[in-house]
Amino acid sequence: MSAEELKQAGNKFFQNGDWLSADKKYSQAIAIDSTNYTLFTNRALVRMKLLRYEDVINDCMSAINLNRDAMKGHYMAAQALIQLSRPSEALGFAYTAYQLAIAQHSKSATDVANVVLEAKKQRWKKLERNRIDKDNSMLNQMKELVKRDSERKILDLREQQWDSPNAGDRDLESEIAVIREDARVQMDELENVFARADPQRYKPREVPDYLMDSISFSIMTDPVVTKNGHSYDRSVIMDHLRRSNTDPLTREPLSVSDLRPNLALKQVCAEFLEENAGWAVDY
Amino acid sequence: MFAQKRLGKELSNIHKSLPPGISIASASDFSNWKMDIQVLDTNPLYADQIYRLNFKFSGSYPIEAPEVTFIKEDGRDIPMHPHIYSNGVICLDLLGTNWSPVQNVESVCMSIQSMLTSNTKNERPPGDDTFVRSGYRSPRNINFVYDDNTV
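Taken in sequence, the protein lines are chains A and B.
With UniProt numbering applied, the first sequence corresponds to residues 1 to 283, in that order.
With UniProt numbering applied, the second sequence corresponds to residues 1 to 151, in that order.
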């Protein structure tokens, strides 16, 4: 069988949900013809179904090496990297996939945009976890210092007692209790200070309207501005323009070539996401 | 697509506040909602009446318009209007050729509410009998003639 015939056979198995046989056929096809990038993206899709994410990435890389504009290669690599919790790498692939999807007028542009957001969210969560761990370790260190200080004071008291056992009738136990109480108050105070230093966690979690696309009601990642000055997310307004060449607000004629990137707004959205991706993506 | 996310947001906005005369009757999923509307001024045609609108959303909402019809349910009737057929089908350009994805459930309800408010004719569209007998349920299959802009 030729590589093309094997590919067709693989596609058939894929449609029937027989991932293993599809994987085999694509592999045989690749053995014959290793220059056709679609064989690699097809096998990557099968391996995605088989949850073999490392292999997905390898196939995507092969596809991209053969054709730098293989949108699906970048797209699936991003998805697999998200599954492997490698969001920073995923984001790189997702961005490229998004640019290619827009340039190629792909209908999957919205899905690709969602993968960009997913990668951002995952990266934010990772950073946030590190930050909390770091904060906590600092807090714990300081609490440890307070504790050690109080223990040292108690030790001193006991040593004085040993050195001069007859020095009046000092109530050792109550003095120790006072030291312990002081330490506890100090630790509470520390926790308060740390909580107050992070008001972010107590802020209401809302995305401002001006960062939201008024069609999809999600935060924009690639805003474009129309002739009347209103901004939409690029993939969303392109969905609309595929159906109707009108401005959604004014119903005046509008086509893809009338759209201009809104760079300042894009920056604001990106900064907002950088700080809030953990919840803003799903908002 | 983003239909579910968008409808989820619309729903939480609707639960927060709705204009007078519009209320939510049921919205348990993201494919079918029911809204109750009433006319608030003293228009004798619709005084003290509550009408029920049925919204059907496709997976392409809001790029694609929802299907909106009046339904008879819980004693609610189909309002008398020269653009509303007696089977509940509404002839409104906003729901067809002039749909725009920046519209939403609330704005559609308000448009229909004001369409009733401003009406004075106690009549059905011409050809109502034939239209209803032909069994069209989906407004999408009909090429309405939006000839009368006075109502």
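Think of the CB as a built atom: it goes at the ideal place given N, C-alpha and C, for glycine as much as any other residue.
Problem - Chain-ordered chain A contacts of I63 (chain B) [CB-CB under 7 Å] - result: One-based indexing of the second sequence puts residue 63 (chain B) at position 63. D239, H240 and R243, listed in chain order.
Exercise for the section: Report yes or no: is there a C-beta of chain A within less than 8 Å of the C-beta of R6 (chain B)? Expected result: In the second sequence, the residue the question calls residue 6 (chain B) occupies position 6. Yes, its Cβ sits closer than 8 Å to a Cβ of chain A.
Practice task
Would you verify that the beta carbon of R129 (chain A) is, or is not, closer than 8 Å to some beta carbon of chain D?
Solution key: Here chain D cannot be found, since the structure's protein chains are A and B.
Exercise for the section: Select from B:V132, B:M35, B:E64 and B:L53 the residue whose C-alpha is nearest the C-alpha of I215 (chain A). Expected result: As a first step, residue 215 (chain A) is located in the first sequence; it is residue number 215 there, counting from the start. Closest option to I215 (chain A), Cα to Cα, is B:E64.
Handout entry: Residue from A:R43, A:N16 and A:V112 with nearest C-alpha to S235 (chain A)
Key = For the purposes of this step, residue 235 (chain A) is taken as residue 235 along the first sequence, with counting starting at 1. For the residues A:R43, A:N16 and A:V112, the minimum Cα distance to S235 (chain A) belongs to A:V112.
Exercise for the section: Mind checking which residues open and close the alpha helix (DSSP H) that includes Y26 (chain A)? Expected result: Within the first sequence, the letter at position 26 stands for residue 26 (chain A). It spans W19 to I32 - the alpha helix (DSSP H) in which Y26 (chain A) sits, taken as one unbroken run.
Exercise for the section: Check each candidate in B:E106, B:N87, B:G96 and B:M115 and name the one with the smallest Cα separation from S134 (chain B). Expected result: Indexing the second sequence from 1 puts residue 134 (chain B) at position 134. Answer by Cα proximity: B:N87.
Problem - chain A contacts made by the region 108-142 of chain B, where a contact means CB separation under 9 Å - result: none
Problem - Span separating the alpha-carbon of D222 (chain A) from that of D59 (chain A) - result: For this step, residue 222 (chain A) is matched to residue 222 along the first sequence. For this step, residue 59 (chain A) is matched to residue 59 along the first sequence. Taking the straight line from one Cα to the other gives about 28 Å.
Handout entry: Top-ranked residue by Cα proximity to A22 (chain A), from A:M238, A:V146 and A:L39
Key = For the purposes of this step, residue 22 (chain A) is taken as the residue at position 22 of the first sequence. Looking at the Cα atoms, A:L39 is the closest of the given residues.
Handout entry: Short Cβ contact (8 Å threshold) for A29 (chain A) with A3 (chain A)
Key = For the purposes of this step, residue 29 (chain A) is taken as the residue at position 29 of the first sequence. For the purposes of this step, residue 3 (chain A) is taken as the residue at position 3 of the first sequence. Yes.
Practice task
Give the range of the beta strand (DSSP E) segment to which A197 (chain A) is assigned.
Solution key: What you label residue 197 (chain A) is simply residue 197 of the first sequence in a count that begins at 1. Per DSSP, A197 (chain A) belongs to no beta strand (DSSP E) and is neither H nor E.
Exercise for the section: With 8 Å as the threshold, decide whether the Cβ of V102 (chain B) is near any Cβ in chain A. Expected result: Here residue 102 (chain B) refers to the residue found at position 102 when the second sequence is read from its first residue. By this cut-off, V102 (chain B) is an interface position.
Practice task
Could you tell me if A44 (chain A) is buried or exposed, where buried requires 16 or more neighbouring beta carbons within 10 angstroms of its beta carbon?
Solution key: The residue labelled residue 44 (chain A) in the question sits at position 44 within the first sequence. Buried, because 16 or more other Cβ atoms sit within 10 Å of the Cβ of A44 (chain A).
Practice task
Could you pull out every residue in the same chain whose Cβ sits closer than 7 Å to the Cβ of P113 (chain B), ignoring the five residues on either side in sequence?
Solution key: In the second sequence, residue 113 (chain B) corresponds to position 113, counting from 1. The sequence given here places Gln at residue 113 (chain B); Pro does not occur at that position. Correct list, in chain order: G21, I22, I37 and V39.
Practice task
Give a yes or no on whether the minimum CB-CB distance between K34 (chain B) and chain A is below 8 Å.
Solution key: Walking along the second sequence from the start, residue 34 (chain B) turns up at place 34. By this cut-off, K34 (chain B) is not an interface position.
Problem - For residue 331 (chain A), three-class secondary structure by DSSP - result: This structure does not reach residue 331 (chain A), given that chain A is present from 1 up to 283, and the question cannot be answered.
Handout entry: Three-state secondary structure (DSSP) of V268 (chain A)
Key = Here residue 268 (chain A) is taken as the residue at index 268 of the first sequence, counted from 1. Three-state DSSP puts V268 (chain A) in a helix.
Problem - Inter-stretch contact at 8 Å, needing at least 3 Cβ pairs: the region 257-277 of chain A / the region 103-123 of chain A - result: yes
Practice task
With DSSP collapsed to three states, give me the class of H81 (chain B).
Solution key: On the second sequence, position 81 is the one that residue 81 (chain B) refers to. Correct three-state label for H81 (chain B): strand.
Exercise for the section: Could you name the residues that DSSP lists as bridge partners for W279 (chain A)? Expected result: Reading the first sequence from its first residue, position 279 is the one you call residue 279 (chain A). Paired residues: none, contrary to the question.
Exercise for the section: Evaluate the contact criterion for the region 144-160 of chain A versus the region 178-186 of chain A: three or more CB pairs, one atom per stretch, below 8 Å. Expected result: yes
Problem - K227 (chain A), DSSP secondary structure in three states - result: As a first step, residue 227 (chain A) must be located in the first sequence, where it is residue number 227. If DSSP states are grouped into helix, strand and coil, K227 (chain A) belongs with coil.
Practice task
Could you check what DSSP says for I22 (chain B) in three-state terms: helix, strand or coil?
Solution key: Translated into positions along the second sequence, residue 22 (chain B) becomes position 22. Note: I22 (chain B) maps to strand in three-state DSSP.
Exercise for the section: Can you pull the chain A residues whose beta carbon is under 9 Å from the beta carbon of K16 (chain B), in chain order? Expected result: Taking the first residue of the second sequence as 1, we reach residue 16 (chain B) at position 16. Those do not exist, as K16 (chain B) stays about 12 Å from chain A at its closest Cβ, beyond 9 Å.
Practice task
Tell me, please, whether the region 90-98 of chain A touches the region 65-79 of chain A by the rule of three or more beta-carbon pairs shorter than 8 Å.
Solution key: yes
Handout entry: Contact residues within the region 48-81 of chain A, judged by C-beta distance below 8 Å to chain B
Key = none
Practice task
State the start and end residues of the unbroken beta strand (DSSP E) segment that holds residue 154 (chain B).
Solution key: This structure does not reach residue 154 (chain B), given that chain B is present from 1 up to 151, and the question cannot be answered.
Problem - Nearest-angstrom Cα separation, counted from G229 (chain A) out to K12 (chain A) - result: Translated into positions along the first sequence, residue 12 (chain A) becomes position 12. Translated into positions along the first sequence, residue 229 (chain A) becomes position 229. Their Cα atoms are separated by approximately 48 Å.
Handout entry: M35 (chain B): first and last residue of the uninterrupted beta strand (DSSP E) it sits in
Key = Residue numbering aside, residue 35 (chain B) sits at position 35 when the second sequence is read from its first letter. M35 (chain B) -> beta strand (DSSP E) spans N32 to I37.
Practice task
Mind checking who E73 (chain B) pairs with in its DSSP beta bridge?
Solution key: Indexing the second sequence from 1 puts residue 73 (chain B) at position 73. Answer is B:R76.
Problem - Run of the alpha helix (DSSP H) containing I64 (chain A), from where it starts to where it stops - result: Start at 1 with the first residue of the first sequence, and residue 64 (chain A) comes out as number 64. Taken as a continuous stretch (DSSP letters only), the alpha helix (DSSP H) holding I64 (chain A) covers Y53 to L66.
Handout entry: L139 (chain A) (DSSP reduced to helix, strand or coil)
Key = Locating residue 139 (chain A) in the first sequence gives position 139, counting from the first residue. It is helical.
Handout entry: Test: P253 (chain A) CB closer than 8 Å to a CB of chain B
Key = Looking up residue 253 (chain A) in the first sequence gives position 253. Chain B, which has no Cβ nearer than 8 Å to the Cβ of P253 (chain A), makes this no.
Problem - Coarse secondary structure for I63 (chain B), derived from DSSP in three states - result: Counting from one through the second sequence, the residue named residue 63 (chain B) turns up at place 63. Coil, per DSSP.
Problem - Residue(s) in a DSSP beta bridge with N54 (chain B) - result: What you label residue 54 (chain B) is simply residue 54 of the second sequence in a count that begins at 1. DSSP lists B:K34 and B:T69 as partners of N54 (chain B).
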